[in-house]
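Participant:
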Amino acid sequence: MGKLAPSLLEADMRFLDEELKRMERAGADYVHIDVMDGMFVPNLAFGMREIRSIRPSSALPFDVHMMVQEPIRFVKRMKEAGADVITVHYEACTDLVQTLRTIRGLGIRAGIVLNPDTSLGVLSDVMLAQADVVQLMTVRPGLEGQRFLPGSIERIQALRKRIDDLGLNCEIETDGKISMENVQEAVAAGASVIVSGKALFQGNLEENIQRMKRLIEEGHPKGGL
Ligand code: ZN
Numbered sequence: 000m001g002k003l004a005p006s007l008l009e010a011d012m013r014f015l016d017e018e019l020k021r022m023e024r025a026g027a028d029y030v031h032i033d034v035m036d037g038m039f040v041p042n043l044a045f046g047m048r049e050i051r052s053i054r055p056s057s058a059l060p061f062d063v064h065m066m067v068q069e070p071i072r073f074v075k076r077m078k079e080a081g082a083d084v085i086t087v088h089y090e091a092c093t094d095l096v097q098t099l100r101t102i103r104g105l106g107i108r109a110g111i112v113l114n115p116d117t118s119l120g121v122l123s124d125v126m127l128a129q130a131d132v133v134q135l136m137t138v139r140p141g142l143e144g145q146r147f148l149p150g151s152i153e154r155i156q157a158l159r160k161r162i163d164d165l166g167l168n169c170e171i172e173t174d175g176k177i178s179m180e181n182v183q184e185a186v187a188a189g190a191s192v193i194v195s196g197k198a199l200f201q202g203n204l205e206e207n208i209q210r211m212k213r214l215i216e217e218g219h220p221k222g223g224l
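The letter at position 199 of the sequence shown is residue 198 when you use numbering that gives the first Met the number 0, and the numbering goes up by one with no holes.
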C-alpha cells in the first residue's frame, strides 16, 4: 500500500501541534521533515531541537530528509530526537554505504536521496542493498517555486526495474511538487512513498490528505499491497 508523507515545511508553524494531529487523523502515514544546513542547500530548516520538541505531538513515524553535508555527523542525535527514517543525499556523503550502515545500526530505516541531475547509474548494488528506501527528488532541493521536473516518471520506472531485478525490498519515495494531478502517475511508475507539501496544505488539510490517499490507493499498479 502506498504511503503519504505530508511535508512539515508547508505546515502552519504557529499551530504545529494541531497540524500534526490533523495529519494523523486524516490518515497520513509519515511526517516528512526537511532538514537543511545552508551548505548542501541554500536554505535552513529544522534541527534536532525542533524535531525533539514536536515528537510528542504525533504518533506517526518521522521521515527525516537530511539535506546536509556529511549527515553521518548527526544521524545518532537525529534518531534520539525522534527520527524513524533518515534519508541522506548521495551527493552529500563521502562514504554513503557507511552512512547507511550507521543509520541502520541505530535500529531505524535508512534511505538514499538523489538530486534530479544525479544519474541513477551512480547507485551501486551494495548501496541499494543498504537502503530501505530511495528517494528521488522531482524538484531541485532547497529552492522554492519550482515545477515537477520532466523525466521524473521515467526515472521512477527505471529505478523500480533495477530494484526489482536485484530482488531487493526497497521502496521508492518521490519528493517535490507532487499534486492531485500527477500523484497517480508517480505511483503507477513504481513510487510507494509520496511526499507532498503545498497540494495538501492549501485549503483543507484533512480533506486533501484523504483525497490524495485515495488517489494513491487507486493508482497502485498492484491495486494496493
Ligand atoms: Zn524532503
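The C-beta atom is built at its ideal place from N, Cα and C for all residues, glycine as well. As the structure is a prediction and not an experimental result, all values here were calculated from the model.
#1: Can you name the residues that DSSP bridges to G110?
#2: How many Å lie between I152 and A109 at the Cα?
#3: Going by DSSP, name the residue or residues bridged to A157.
#4: So D28 is in the alpha helix (DSSP H); what residue range does that whole segment cover?
#5: Can you say whether G218 is buried or exposed, counting buried as having 16 or more other CB atoms within 10 angstroms of its CB?
#6: Less than 9 Å separating the beta-carbons of I208 and G26?
#7: Roughly how many angstroms lie between the CA atoms of A190 and R72, to the nearest whole one?
#8: Please identify the residue among E216, G175, L199 whose C-alpha is closest to the C-alpha of Q183.
#9: Examine the ligand ZN and report whether any of its heavy atoms sits within less than 8 Å of the Cβ of P60.
#10: May I ask you to check if the CB of M66 is nearer than 8 Å to at least one heavy atom of the ligand ZN?
#11: Within the 9 Å Cβ cut-off, does L204 reach chain C?
#12: Just to confirm, are G175 and T137 a CB contact at a threshold of 9 Å?
#13: Would you mind reading off the limits of the alpha helix (DSSP H) that contains L99?
#14: When you compare each of S118, N203, V132 to I102 by their alpha carbons, which one comes out closest?
#15: If you compare alpha carbons, which of R154, S123, T173, I177 is closest to L165?
#16: Would you say the beta carbon of D174 comes nearer than 8 Å to a heavy atom of the ligand ZN?
Facilitator: With the structure as the only source:
#1: Answer by DSSP bridge pairing, in chain order: T86, V132.
#2: Straight-line Cα distance between these residues: approximately 23 Å.
#3: According to DSSP, A157 bridges with nothing at all.
#4: No alpha helix (DSSP H) contains D28, which DSSP labels as neither H nor E.
#5: That one is buried.
#6: Closer than 9 Å, so yes.
#7: So the alpha carbons of these two residues sit roughly 29 Å apart.
#8: Ranking the options by Cα distance to Q183, first place goes to E216.
#9: Checking the Cβ of P60 against the ligand ZN gives no.
#10: Because some heavy atom of the ligand ZN lies under 8 Å away, the Cβ of M66 counts as near it: yes.
#11: Although the question refers to chain C, the structure presented lacks it and comprises just one protein chain.
#12: Taking 9 Å as the Cβ cut-off, G175 and T137 qualify as a contacting pair.
#13: Run containing L99: 95–104, per the alpha helix (DSSP H) assignment.
#14: When each option's Cα is compared against that of I102, the closest is V132.
#15: Cα-wise, what sits closest to L165 is S123.
#16: Checking every heavy atom of the ligand ZN against the Cβ of D174, one is found closer than 8 Å.
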